[in-house]
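All residue numbers for the sequence shown refer to my numbering, where the first residue is 30 and numbers rise by one.
Report on the structure given below.
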Amino acid sequence: MKSELLRLNDYNRREFMLNAARTTLGVSILSGLGARMAAAEGASNSGPGTPGFGKAKRVIYLWMGGGMTHIDTFDPKTGATKGFNDPVKAKGDSIQYLGGYLPKLAEVSDKLAIIRSMSSKTGVHESGTYIMKTGYEPRGTIVHPVMGVWATHFLGRIKDKTLPDSVIVNSGSSYPGSGFFPPAMSPIPISNPESGLQNISPTASDVQFNKRVSLMNEFDSSFRKKFQTEDVKAYTEFYDETLKLMKSEDLKAFDLSQESTDTREKYGRNNFGQGCLLARRLVENGVRFVEVQMGGWDMHNTIDNAMTNNGNTLDTSFSALIQDLESKGLLDSTLIVLGSEFGRTPDINENDGRDHYPLAYSTVFAGAGVKGGYAYGSTDKEGRRPADKQCSPQDFMATVGHAMGLPVDEVVMSPSNRPFTVGDKGVPVTDIFA
């Protein structure tokens, strides 16, 4: 038995002890016991008193779908792998340069911290996306929760608001959602930021609407009593919350028409720009976690043309979001995060593009105690491998959870009695926080 324990790594040893404790003492004490055991073993550098912990009251996650090229954006090179554009000088001795497609972001780069030493194991879009949104590699037997759902689990629902805890803007058809947590925790999808929440306004008078709701409840009551499952309860809760939202003043948070023309132009008149503006409105009104998606980064062909378009969109919208949050006094408590499923090949291919490349890529942080003008880690001179301070998707997700004040070491048991933590044992990169 002793030899078996010695062969276990730290996490498996801890998991073995927790399983033994669960068998002996019961499941109810496990969560707290897991946290204490993790803390006792020094599982990570997170928790109260550590840099950046709990600074982010809100998070805006800018998702670059398709695999954003690191060399042409946040980790520019000057040698053979440079590409078609010269780097632009950034603010801060640590960052030094950004890709030449991002001149506006270079002007606010004293607000950015860039992790340039990201590295993943997968160059497949679906699995790369999954791990960068959940911190877990996809498994056929379970779906893992996204970060906004972890936050709801640990921090509770938003008080005094009818707005959802988390929202995903420009959402696609596939998203991990609540994972093994209750379905009611799932982010609310917004397919078009200019349309806001669709089909939310009553199409009948108040009297007619209330009659219809009463009739619906009569039909549903016997079904709810007969089938008191978690899914039915979650559906009922979701429906009740939707009815409250339909009558709430909070709905105005989704209405971009209340913004001035100048503000809307500043963000960019496109789905991503207006999505960033909507994200600002939502966090301003108490939504805890907003993801804004931007596609078009799968640049296998003519990357210069593609980067001219996507680079300008990202440059305009991201910089406007930083400046707008700062002007409203929200940047210090709002964490902006930018990520993608992987990077792209340092070498330009025969079609003047770059292909999938998980071995090296970048993520970006701003606001909420982030150390501005700072680059964490680096890649080699051609951008092929991390040269130091390699960072995994798990570390990245744990860093976001740490900034939100989540106990990233605490073990949570799924309904199938399996142990999970925020970021799958990742270690927060606290060096990026002041």
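Backbone N, C-alpha and C define an ideal beta-carbon position, used for all residues, glycine too.
| Item | Value |
| --- | --- |
| Endpoints, alpha helix (DSSP H) assigned at leucine 307 | 300-313 |
| Residues near lysine 281 by beta carbon distance below 6 Å, same chain, minus five either side | none |
| Outcome for glutamate 294 when other beta-carbon atoms lying within 10 angstroms are tallied against a minimum of 16 | exposed |
| Inter-residue Cα distance where the pair is valine 366 and arginine 309 | 13 Å |
| Nonlocal neighbours in the same chain, by C-beta distance under 6 Å from alanine 67, ignoring five residues either side | Confidence in alanine 67 is poor, its pLDDT being 41 and thus under 50, which makes the residue's placement too unreliable to answer from. |
| Rounded straight-line distance, which links the Cα of leucine 343 to that of tyrosine 296 | 10 Å |
| Same chain, Cβ closer than 6 Å to valine 178, five either side skipped, listed in chain order | Ser207, Phe210, Met214 |
| For leucine 226, the residue or residues it bridges with in DSSP | Per DSSP, none; premise fails for leucine 226. |
| Any 3 or more C-beta pairs closer than 8 Å across the region 144-152 and the region 404-412 | yes |
| Boundaries of the beta strand (DSSP E) in which serine 146 is found, first to last residue | 141-147 |
| Of the listed residues Lys162, Leu306, Gly412, nearest to proline 205 (C-alpha basis) | Lys162 |
| Identity of the residues DSSP links to glutamine 322 by a beta bridge | Trp92 |
| Contacts around asparagine 378, its chain only, beta-carbon distance under 8 Å, and the 5 residues preceding and following it disregarded | His329, Asp384 |
| Residue nearest to histidine 173 in terms of C-alpha spacing, selected from Val321, Ser443, Ile461 | Ser443 |
| Range covered by the beta strand (DSSP E) that runs through glycine 121 | Element bounds for glycine 121: n/a, residue is neither H nor E. |
| Cα-Cα separation between threonine 428 and isoleucine 124, rounded to whole angstroms | 19 Å |
| Distance between glycine 315 and glutamate 288 (C-alpha atoms, nearest Å) | 18 Å |
| Close Cβ partners of threonine 158 (< 6 Å) along its chain, the five nearest in sequence each way excluded | Glu370 |
| Other residues of its chain near glutamine 419: CB distance less than 6 Å, five sequence neighbours each side excluded | Ser146, Ser148 |
| Beta-bridge partners of serine 195, as assigned by DSSP | Phe318 |
| Cβ distance (whole Å) where proline 77 is taken to contact phenylalanine 462 below 8 Å | Going by Cβ atoms, the distance from proline 77 to phenylalanine 462 rounds to 14 Å, so no, they are not a contact pair. |
| Helix, strand or coil at leucine 364 according to DSSP, with G and I counted as helix | strand |
| Serine 224 and valine 319 closer than 8 Å at C-beta | no |
| Distance CB(asparagine 300)-CB(asparagine 199) smaller than 8 Å | yes |
| Cβ-based neighbour list, glycine 324, same chain, cut-off 7 Å, excluding 5 preceding and 5 following | Gly94, Gly95 |
| Top-ranked residue by Cα proximity to tyrosine 165, from Thr337, Lys255, Pro448 | Pro448 |
| Helix, strand or coil at glycine 372 according to DSSP, with G and I counted as helix | strand |
| Anticipated Cβ contact below 8 Å, phenylalanine 425 with threonine 392, distance rounded | 6 Å |
| Cβ pair leucine 354, threonine 363 closer than 8 Å | yes |
| Boundaries of the beta strand (DSSP E) in which alanine 404 is found, first to last residue | 403-405 |
| Residue environment, threonine 450, which counts as buried when at least 16 other CB atoms sit within 10 Å | buried |
| Threonine 392: first and last residue of the uninterrupted beta strand (DSSP E) it sits in | 390-395 |
| Reduced DSSP category for leucine 354 - H, G, I as helix; E, B as strand; rest coil | helix |
| Cβ-Cβ separation, aspartate 104 to tyrosine 130 (assumed contact under 8 Å), whole Å | The pair is not a contact, with the Cβ atoms about 13 Å apart (cut-off 8 Å). |
| Nearest-angstrom beta carbon gap, alanine 389 and lysine 84 [assumed within contact, 8 Å] | Rounded, the Cβ-Cβ distance is 28 Å, inconsistent with contact. |
| Residue from Glu313, Gly340, Arg317 with nearest C-alpha to glycine 358 | Glu313 |
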